[in-house]
Amino acid sequence: MRTKWFAPAALAATALVGAACSSSSTTAAAPAAAQTVAGALQTATVSGTSVLTSAAGFTLYWFAPDTATTSHCTGSCAQIWPPVKGPAAEGQGVTGKLGTITRPDGSRQATYDGHPVYTYTADAAAGLANGNGINAFGGVWHEMTASGAAVPASSPSYPNQGGVGY
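Listed below in structure tokens is the structure:
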């Protein structure tokens, strides 16, 4: 008698290939697993600037096209710039107003002083801010400073790639 051990593996592989090959529209939301867990947000000094960070010390960013009630980073954008899951708790050094918005998929995203916040997958370790000033997915990304003000880009600004090249 033959055992069909390969069937579950084949189904899982097919699902993964299908998911990887499917295209995301700009209105599709990132999978819940792509969201950064919020916990307590805090401040830290990164490259001489006081920025908002996750509990693990990763720099948080805001996206210029967003509004106080709407995230415009969905689909492949949210895979590169994972939304910080809300609600978030106020940690050390946080003086701005924390809040949440509802994303298009119904999940909650943390906000700081009216800006939805994200992490950046190219920040491979805590204390990095590789995303400041990048122009991608239809707008410019900024470090979320403790004061909420935009910081001039210290890293090169890339042309609007819309996800191409990542």
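129 is the number of the first residue of the sequence shown in this note's numbering; add one for each residue after it.
From the three backbone atoms N, C-alpha and C, an ideal C-beta is built for every residue, glycine too.
Practice item. Flag this pair as yes or no: are the beta carbons of PRO210 and TYR246 separated by less than 8 Å? Key: Yes; because the gap between Cβ atoms is below 8 Å, this pair is in contact.
Practice item. For SER275, name the three-state secondary structure that DSSP assigns. Key: It is coil, neither helix nor strand.
Check your understanding: Thinking C-beta only, is GLY276 closer than 8 Å to TYR189?
Key -> No, the Cβ-Cβ distance between TYR189 and GLY276 is not below 8 Å.
Point to revise | Nearest-angstrom Cα separation, counted from ILE229 out to THR198 | key: Their Cα atoms are separated by approximately 7 Å.
Review point. So what does DSSP say about ILE208, is it helix, strand or coil?
Key: If DSSP states are grouped into helix, strand and coil, ILE208 belongs with the helices.
Practice item. Determine the closest residue to HIS243 out of ALA252, ARG236, GLU218 and PHE191, with distance taken between C-alpha atoms. Key: Minimum Cα distance to HIS243 is reached at PHE191.
Check your understanding: Under three-state DSSP, which class holds ALA141?
Key -> Low confidence applies here, because ALA141 scores a pLDDT of 36, under 50, leaving its location unreliable; read the following figure in that light. Correct three-state label for ALA141: helix.
Check your understanding: If you run the structure through DSSP and keep just helix, strand and coil, what is GLN220?
Key -> Coil at GLN220, not helix or strand.
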